[in-house]
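These notes concern the structure reproduced below.
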Amino acid sequence: MDKNELIESLKKIVKPYIQDEAAFENLNEDTDFINDLKINSANLVDVILDVEDEFDIEIDNEAMEKMLSVKSAMAIIETKLAEK
Amino acid sequence: MIGNDVVDLNLAKTQSNWKRKGFLEKVFTPKEQLIINNTADSFTTVWLLWSMKESAYKIYSRQYNTRFFAPKKFECELNTIQNTVSINEITYYTSSTISRKNIHTLATLNKDESITTDFFRLKNDTYDIQHNTTYKNLKLAVAKQFKVPVTKVKIEKDNNGIPFIKYRKGNLNLSASIKPGYVERTSISISHHGLYGAYAFVN
Numbered sequence: 001m002d003k004n005e006l007i008e009s010l011k012k013i014v015k016p017y018i019q020d021e022a023a024f025e026n027l028n029e030d031t032d033f034i035n036d037l038k039i040n041s042a043n044l045v046d047v048i049l050d051v052e053d054e055f056d057i058e059i060d061n062e063a064m065e066k067m068l069s070v071k072s073a074m075a076i077i078e079t080k081l082a083e084k
Numbered sequence: 085m086i087g088n089d090v091v092d093l094n095l096a097k098t099q100s101n102w103k104r105k106g107f108l109e110k111v112f113t114p115k116e117q118l119i120i121n122n123t124a125d126s127f128t129t130v131w132l133l134w135s136m137k138e139s140a141y142k143i144y145s146r147q148y149n150t151r152f153f154a155p156k157k158f159e160c161e162l163n164t165i166q167n168t169v170s171i172n173e174i175t176y177y178t179s180s181t182i183s184r185k186n187i188h189t190l191a192t193l194n195k196d197e198s199i200t201t202d203f204f205r206l207k208n209d210t211y212d213i214q215h216n217t218t219y220k221n222l223k224l225a226v227a228k229q230f231k232v233p234v235t236k237v238k239i240e241k242d243n244n245g246i247p248f249i250k251y252r253k254g255n256l257n258l259s260a261s262i263k264p265g266y267v268e269r270t271s272i273s274i275s276h277h278g279l280y281g282a283y284a285f286v287n
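Chains U and V supply the protein sequences, listed in that same order.
Taken in order, the first sequence gives residues 1 to 84; the numbers are from our numbering.
Taken in order, the second sequence gives residues 85 to 287; the numbers are from our numbering.
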């Protein structure tokens, strides 16, 4: 999966939880889930569970700590997929 | 130092599904899961513990200038006298007001900090109204507490997205040892969710 595909699938995952449409339209690697997309922190749990389901990976506590931006989510997904 | 967190329980019902597979395990320690499963009102307990963790996280992230997402690292203790949240040997004191409609939790590092706090219902639950009303009310309260004109009070965010207050002391005391210009206060906390907003700051 290339970077663009990965961003697209992340975009689909976060869509139901975003509270800032403009930031969502401009979503890129530097987008922050909370500060930019204004995702409620309880919904960040849903994002993490959705990522687990979508990519069939397990996001452990250590990885979860960093799940605050598109960039770190991409890195985590890539690492976990490579471990499979 | 302080942190606060608001939960609109009506919104929480539709916005999050705490019964979703994996949700409790990602957020709560085994001990906390036991508390949740053994209470008559699991739903309210989930959000009470959540708001305690959030409030404590707000202090911790300011204290150590860090950002992360690890709700399970913050372990809640419910006691009749004093609720607490602990992480890495640090304990925060929390107090929560719970109604059928909402929860507001205030966490402090020290037990006896003098705090100004308010909790209010918003006109509607759009992000702009939540944000603007909460900021406006906080500014008014800061102006009143520190006796400065409200137009001189500014709320800004640092690189971690953590808000702080800045206000200009009037041009009084130019000769005094206190430098004129901006005074910064970092012990503030803002929260809004659904139809409710709240702020708190150390006096």
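Ideal Cβ positions, reconstructed from N, Cα and C, are used throughout, including at glycine.
Only a predicted model underlies this, so the values are computations on that prediction, with no experimental measurement involved.
Mind listing the chain V neighbours of residue i? Cutoff is C-beta to C-beta under 7 angstroms, in chain order.
i: Val-45/U; result: Phe-107, Lys-110 and Val-111
i: Lys-38/U; result: Tyr-211
For a test of the three-state rule: what should DSSP assign to residue i, helix, strand or coil?
i: Glu-232/V; result: Checking the sequence, you will find Val at residue 232/V rather than Glu. Residue state, collapsed to three classes: coil.
i: Thr-164/V; result: coil
i: Ala-191/V; result: strand
i: Phe-153/V; result: coil
i: Lys-250/V; result: strand
i: Ser-135/V; result: helix
i: Ala-82/U; result: helix
i: Asn-94/V; result: helix
i: Arg-146/V; result: helix
i: Thr-217/V; result: helix
i: Ile-272/V; result: strand
i: Pro-16/U; result: helix
i: Glu-197/V; result: coil
i: Ile-174/V; result: strand
i: Ala-23/U; result: helix
i: Phe-107/V; result: helix
i: Glu-5/U; result: helix
i: Phe-204/V; result: strand
Residues in its own chain within less than 7 angstroms of residue i by CB, not counting five upstream and five downstream?
i: Asn-287/V; result: Ser-198, Ile-199, Thr-200 and Gln-229
i: Leu-68/U; result: Asp-32, Phe-33 and Ile-34
Within a Cβ cutoff of 8 angstroms, which residues of the same chain sit near residue i, ignoring the five residues on either side of it in sequence?
i: Glu-268/V; result: Phe-248, Ile-249 and Lys-250
i: Asp-209/V; result: Asp-92, Leu-95, Gly-278 and Leu-279
i: Ala-260/V; result: Low confidence applies here, because Ala-260/V scores a pLDDT of 49, under 50, leaving its location unreliable and the question unanswered by this model.
i: Lys-115/V; result: Glu-159
Quick one, are the C-beta atoms of residue i and residue j less than 7 angstroms apart?
i: Glu-138/V; j: Asp-89/V; result: yes
i: Asp-36/U; j: Ala-22/U; result: no
i: His-292/V; j: Phe-204/V; result: Residue 292/V is absent from the structure shown; chain V starts at 85 and stops at 287.
i: Tyr-219/V; j: Ile-239/V; result: yes
i: Ser-145/V; j: Glu-159/V; result: no
i: Leu-206/V; j: Gln-214/V; result: yes
i: Glu-65/U; j: Phe-153/V; result: yes
i: Lys-156/V; j: Thr-113/V; result: yes
i: Ser-180/V; j: Leu-132/V; result: yes
i: Ile-13/U; j: Asp-50/U; result: yes
i: Lys-80/U; j: Glu-29/U; result: no
i: Lys-38/U; j: Gln-19/U; result: yes
So with Cβ pairs under 7 angstroms, would you call residue i a contact of chain V?
i: Met-109/U; result: This structure does not reach residue 109/U, given that chain U is present from 1 up to 84, and the question cannot be answered.
i: Glu-21/U; result: no
i: Leu-27/U; result: no
i: Asn-4/U; result: no
Run through chain U and tell me which residues come within less than 7 angstroms of residue i, C-beta to C-beta.
i: Glu-138/V; result: Ser-41
Starting from the beta carbon of residue i, find every residue of chain V whose beta carbon is closer than 9 angstroms, and list them in chain order.
i: Leu-49/U; result: Arg-104, Lys-105, Gly-106, Phe-107 and Lys-110
So with CB distances below 8 angstroms, who are the chain U contacts of residue i?
i: Phe-152/V; result: Glu-65, Lys-66 and Leu-68
i: Lys-207/V; result: Result: empty, since nearest Cβ-Cβ is about 17 angstroms, beyond 8 angstroms.
For residue i, which residues of its own chain have a beta-carbon under 6 angstroms away from its beta-carbon, when the five flanking residues on both sides are left out?
i: Met-74/U; result: Leu-6
i: Ser-275/V; result: Asn-88, Asp-89, Val-90 and Ala-282
i: Trp-102/V; result: Val-130
i: Val-226/V; result: Val-237 and Ile-249
i: Gln-117/V; result: Leu-108
i: Met-136/V; result: Cys-160, Val-169, Thr-178 and Thr-189
i: Glu-8/U; result: none
Hey, does residue i have any beta-carbon neighbour from chain U nearer than 7 angstroms?
i: Gly-245/V; result: yes
Going along chain U in order, which residues have a C-beta closer than 9 angstroms to the C-beta of residue i?
i: Ser-100/V; result: Asn-40, Ala-42, Asn-43, Val-45 and Asp-46
i: Lys-156/V; result: Asn-61 and Met-64
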